[in-house]
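Asker: Questions regarding the structure given below will be posed in turn.
Protein chains: 2
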Amino acid sequence: MAAAEWGESEHPYAPKDLKLPGYVPCFLSQKDIVFPYLGVSFLVVSLIWLVSGRSKVSKTDRLLMCWWVFTGLTHMILEGYFAFSPEFYKEKTPHFLAEVWKEYSKGDSRYAGRESGIVTVEGITAVLEGPASLLAMYAIATRKSYSYILQFSVCLGQLYGCLVYFITAFLDGDNFAAGPFYYWWYYAFANGVWVVIPSLIAIRCWKKITAATAQAEKKIKTK
Amino acid sequence: MAAAEWGESEHPYAPKDLKLPGYVPCFLSQKDIVFPYLGVSFLVVSLIWLVSGRSKVSKTDRLLMCWWVFTGLTHMILEGYFAFSPEFYKEKTPHFLAEVWKEYSKGDSRYAGRESGIVTVEGITAVLEGPASLLAMYAIATRKSYSYILQFSVCLGQLYGCLVYFITAFLDGDNFAAGPFYYWWYYAFANGVWVVIPSLIAIRCWKKITAATAQAEKKIKTK
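Order-wise, the sequence lines are chains A and B. Quick note, in full-length UniProt numbering, the first sequence goes up one by one and the last residue is 223. Quick note, in full-length UniProt numbering, the second sequence goes up one by one and the last residue is 223.
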């Protein structure tokens, strides 16, 4: 959609009565935003996969290292930019990160609208979960004893964030997407990834931790 | 303050322009609300302390059992009532739970105003963390291997909830208390309890879990 389509106070987001004075439309097309993000992520993940192959780390742990780097960088760079850039939608140059959020807001206009619940969850995600995700990768690589509990903590944070994200949207009328495509792909699917993967990792960590605790208790009893 | 002080659409909360049509003032005084809550809690906690004394559980674990019952019942009864009673401020009879939230709203009017972030956090707290807290008490009493990780999970949920609670208030202008007394005692102190205690328990669980994990890893290596 071209910049000329909207007047100064108009925008492509739902609901139409959302006020965004100074809004400047996207410069990049959807594929110019999504493909570079996925492409760079693929490169970084491949690099981690290859480098970790030189260590004695298991395949599952190598996959987890890839995930933690991907999610950590997404949290810190993409979500970190959003959390601390209240005026991203006024950006007059094709700044990639501003473009990401101008585009994403089509799936959830609360981003452009700066809803405080969204900013809070994104802020917590960027500042706490981002660095903690990278630390999780390091903890797996170096077999730290805090590896499972750290991974579990980040997963729980991600899941709590997603719960807040989806429930507040529901309570506020669930009318923030510019259309079904944006609703299902941006709002539901993209966030769904951060429900499914953290759930799987959290369950794995829970099992590992309870097994270790049971073993430690047993050792104390048999002493 | 007497019921007659306010007209039909008026209320004692800040900001004054908050609309609460149908608001019915508190019937009970502050001490008639706070003392029964603290009194009943004290009775329940004493009962748990006494009963747990007959088992082999350590004093620290007995204290933790008391906390988990207190926090679990608070989450399920008090916060559960709030989460599912959008019209509590219209309650025309001196319903104790409605009175609690009419009174508490003087410290944070977003409760009466039904701000979606608040309802979401309280809903998660009541539905997930409440029962999980009672399960934590049971897990400690019966020395389950999931005891630490469960306690840790609930603490992390409580801490995430408090973060969302305080940060959204800050972002929205931090102007929801009817005065400094209510701000400091209801908003800051009462919630501060759920920052300090869960932090302490989470740190303890983290240490116990990493120690158990380290021990389990060592055992594998020496095999």
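We treat Cβ as the ideally placed atom computed from N, Cα and C, and that holds for glycine.
Within 9 Å of any Cβ in chain A, is that where the Cβ of residue 182 (chain B) sits?
Answerer: Within the second sequence, residue 182 (chain B) is the residue found at index 182, counting from 1. Output row for residue 182 (chain B): interface = no.
Asker: Counting along the chain, where does the alpha helix (DSSP H) carrying residue 77 (chain B) start and finish?
Answerer: For the purposes of this step, residue 77 (chain B) is taken as residue 77 along the second sequence, with counting starting at 1. Per DSSP, residue 77 (chain B) belongs to no alpha helix (DSSP H) and is neither H nor E.
Asker: Closer than 9 Å, CB to CB, is residue 193 (chain A) near chain B or not?
Answerer: Within the first sequence, the letter at position 193 stands for residue 193 (chain A). No, residue 193 (chain A) lies away from the interface with chain B (no Cβ there is under 9 Å from its Cβ).
Asker: Using a Cβ-based criterion (distance less than 8 Å to any ligand heavy atom), does residue 126 (chain B) qualify as near the ligand PLP?
Answerer: Looking for the ligand PLP in the displayed structure turns up nothing, as the structure carries no ligands at all.
Asker: Please state whether DSSP places residue 63 (chain B) in a helix, a strand or coil.
Answerer: Here the question's residue 63 (chain B) lines up with position 63 in the second sequence. Helix, per DSSP.
Asker: Only counting the same chain, and skipping five residues up and downstream in sequence, which positions put a Cβ closer than 8 Å to that of residue 205 (chain A)?
Answerer: Sequence index remark: in the first sequence, residue 205 (chain A) carries index 205 (1-based). So the qualifying residues of the chain are 148, 149, 151, 152, 155.
Asker: Consider the Cβ of residue 53 (chain A): report whether some Cβ of chain B lies at a distance smaller than 9 Å.
Answerer: Within the first sequence, the letter at position 53 stands for residue 53 (chain A). Residue 53 (chain A) does not count as touching chain B.
Asker: If you follow the alpha helix (DSSP H) that residue 154 (chain B) is part of, which residue opens it and which one closes it?
Answerer: Position 154 of the second sequence, counted from the first residue, corresponds to residue 154 (chain B). Start and end: 147-171.
Asker: How would you call residue 142 (chain B), buried or exposed, if buried means at least 16 neighbouring beta carbons within 10 angstroms?
Answerer: Translated into positions along the second sequence, residue 142 (chain B) becomes position 142. Its Cβ having fewer than 16 others within 10 Å, residue 142 (chain B) is exposed.
Asker: Give a yes or no on whether 9 Å exceeds the smallest Cβ distance from residue 189 (chain A) to chain B.
Answerer: Counting from one through the first sequence, the residue named residue 189 (chain A) turns up at place 189. False, the Cβ-Cβ gap to chain B never drops below 9 Å.
Asker: Going along the segment 206-223 of chain B in order, which residues come within less than 8 Å of chain A, judged by CB to CB distance?
Answerer: Cβ contacts with chain A come from 206, 208, 209, 210, 211, 212, 213, 214, 215, 216, 217, 219.
Asker: Given that residue 238 (chain A) touches chain B, what residues does it touch there, using C-beta distances under 9 Å?
Answerer: Only positions 1 to 223 of chain A appear in this structure, which leaves residue 238 (chain A) out of reach.
Asker: For the structure I just gave you, are there three or more beta carbon pairs, one from the segment 189-198 of chain A and one from the segment 112-125 of chain B, closer than 8 Å?
Answerer: Taking 8 Å as the limit for Cβ pairs, the verdict is that the segment 112-125 of chain B does not touch the segment 189-198 of chain A.
Asker: I'd like the span of the alpha helix (DSSP H) that includes residue 179 (chain A), first residue to last.
Answerer: Stepping through the first sequence from its first residue, residue 179 (chain A) is reached at position 179. Note, residue 179 (chain A): premise wrong, no alpha helix (DSSP H); not H, not E.
Asker: My guess is that residue 75 (chain A) and residue 129 (chain A) are in contact by the Cβ rule of under 8 Å, so how many angstroms apart are they, rounded?
Answerer: In the first sequence, counting from the first residue as 1, residue 75 (chain A) sits at position 75. In the first sequence, counting from the first residue as 1, residue 129 (chain A) sits at position 129. 5 Å between Cβ atoms; contact.
Asker: Check whether chain B comes within 9 Å of residue 85 (chain A), counting only Cβ atoms and requiring the distance to be less than that.
Answerer: Counted from its first residue, the first sequence places residue 85 (chain A) at position 85. Answer no: the Cβ-Cβ gap between residue 85 (chain A) and chain B never drops below 9 Å.
Asker: Confirm, please, whether the CB-CB distance from residue 212 (chain A) to residue 209 (chain B) is below 9 Å.
Answerer: Translated into positions along the second sequence, residue 209 (chain B) becomes position 209. Translated into positions along the first sequence, residue 212 (chain A) becomes position 212. The answer is yes: Cβ separation under 9 Å.
Asker: Name the chain A residues whose beta carbon is nearer than 7 Å to that of residue 153 (chain B)?
Answerer: Stepping through the second sequence from its first residue, residue 153 (chain B) is reached at position 153. 156, listed in chain order.
Asker: In whole angstroms, give me the CA-to-CA distance for residue 163 (chain B) and residue 118 (chain B).
Answerer: Taking the second sequence and counting its residues from 1, the one referred to as residue 163 (chain B) is at position 163. Taking the second sequence and counting its residues from 1, the one referred to as residue 118 (chain B) is at position 118. If I take the Cα positions, the gap works out to 11 Å.
Asker: State the CB to CB distance for the pair residue 30 (chain B) and residue 219 (chain A), rounded to an integer number of angstroms; the pair is presumed to be in contact (CB under 8 Å).
Answerer: As a first step, residue 30 (chain B) is located in the second sequence; it is residue number 30 there, counting from the start. As a first step, residue 219 (chain A) is located in the first sequence; it is residue number 219 there, counting from the start. Residue 30 (chain B) to residue 219 (chain A), Cβ: 52 Å. No contact.
Asker: What separation, rounded to the nearest whole angstrom, lies between the Cα atoms of residue 14 (chain A) and residue 87 (chain A)?
Answerer: Position 14 of the first sequence, counting from 1, holds the residue named residue 14 (chain A). Position 87 of the first sequence, counting from 1, holds the residue named residue 87 (chain A). Their Cα atoms are separated by approximately 18 Å.
Asker: Just the chain B side, please: which residues come within less than 8 Å of residue 164 (chain A) by C-beta, in chain order?
Answerer: Working through the first sequence from its first residue, we reach residue 164 (chain A) at position 164. In chain order: 117, 120, 121, 124, 164.
Asker: Looking at chain B, is there any beta carbon in it that lies within less than 9 Å of the beta carbon of residue 140 (chain A)?
Answerer: For the purposes of this step, residue 140 (chain A) is taken as residue 140 along the first sequence, with counting starting at 1. Not one chain B Cβ lies under 9 Å of residue 140 (chain A).
Asker: Contact between the segment 130-139 of chain A and the segment 163-180 of chain A is defined here as three or more beta-carbon pairs at a separation below 8 Å; is this criterion met?
Answerer: No, the segment 130-139 of chain A does not touch the segment 163-180 of chain A.
Asker: Helix, strand or coil for residue 32 (chain B), going by three-state DSSP, please let me know.
Answerer: For the purposes of this step, residue 32 (chain B) is taken as residue 32 along the second sequence, with counting starting at 1. Reduced to three states, the DSSP call for residue 32 (chain B) is helix.
Asker: If we ignore side chains and look at the alpha-carbon of each, how far apart do residue 89 (chain A) and residue 47 (chain B) end up?
Answerer: Position 89 of the first sequence, counted from the first residue, corresponds to residue 89 (chain A). Position 47 of the second sequence, counted from the first residue, corresponds to residue 47 (chain B). The straight-line gap from Cα to Cα measures roughly 57 Å.
Asker: When DSSP labels each residue in this structure, what does residue 18 (chain A) get in the three-state scheme?
Answerer: Taking the first residue of the first sequence as position 1, residue 18 (chain A) is located at position 18. In this structure, residue 18 (chain A) counts as coil in the three-state DSSP scheme.
Asker: Chain A beta carbons: is any one of them nearer than 9 Å to that of residue 14 (chain B)?
Answerer: As a first step, residue 14 (chain B) must be located in the second sequence, where it is residue number 14. Answer no: the Cβ-Cβ gap between residue 14 (chain B) and chain A never drops below 9 Å.
Asker: Please determine, among A:82, A:109, A:160, the residue with the shortest C-alpha to C-alpha distance to residue 177 (chain A).
Answerer: For the purposes of this step, residue 177 (chain A) is taken as residue 177 along the first sequence, with counting starting at 1. Nearest of A:82, A:109, A:160 to residue 177 (chain A), Cα basis: A:109.
Asker: So, for residue 22 (chain B): in the same chain, excluding its five sequence neighbours on each side, which residues have a beta-carbon less than 7 Å away from its beta-carbon?
Answerer: Position 22 of the second sequence, counted from the start, is the residue given in the question as residue 22 (chain B). Cβ neighbours of residue 22 (chain B) beyond the five flanking positions: 90.
Asker: Counting only the same chain and skipping the five closest in sequence on each side, list residues whose C-beta sits under 6 Å from that of residue 82 (chain B).
Answerer: The residue given as residue 82 (chain B) occupies position 82 in the second sequence. Closer than 6 Å at Cβ, skipping near neighbours: 101, 122.
Asker: Residues in the same chain with beta-carbon distance under 6 Å from residue 183 (chain A), minus the five sequence neighbours each way, listed in chain order, please.
Answerer: For the purposes of this step, residue 183 (chain A) is taken as residue 183 along the first sequence, with counting starting at 1. These residues qualify, in order along the chain: 177.
Asker: Please state the DSSP three-state secondary structure of residue 90 (chain A).
Answerer: If you number the first sequence from 1, residue 90 (chain A) lands on position 90. Reduced to three states, the DSSP call for residue 90 (chain A) is helix.
Asker: Within 10 angstroms of its Cβ, does residue 19 (chain A) collect 16 or more other Cβ (buried), or is it exposed?
Answerer: Translated into positions along the first sequence, residue 19 (chain A) becomes position 19. So residue 19 (chain A) ends up on the exposed side.
Asker: Measure the alpha-carbon distance for residue 65 (chain B) versus residue 45 (chain B) and round it to whole angstroms.
Answerer: Translated into the one-based positions of the second sequence, residue 65 (chain B) becomes position 65. Translated into the one-based positions of the second sequence, residue 45 (chain B) becomes position 45. Going by the C-alpha atoms only, they are around 9 Å apart.
Asker: Looking at the C-beta of residue 199 (chain B), does it have a partner C-beta in chain A at a distance below 9 Å?
Answerer: As a first step, residue 199 (chain B) is located in the second sequence; it is residue number 199 there, counting from the start. Not closer than 9 Å to any Cβ of chain A, the Cβ of residue 199 (chain B) fails to qualify, so no.
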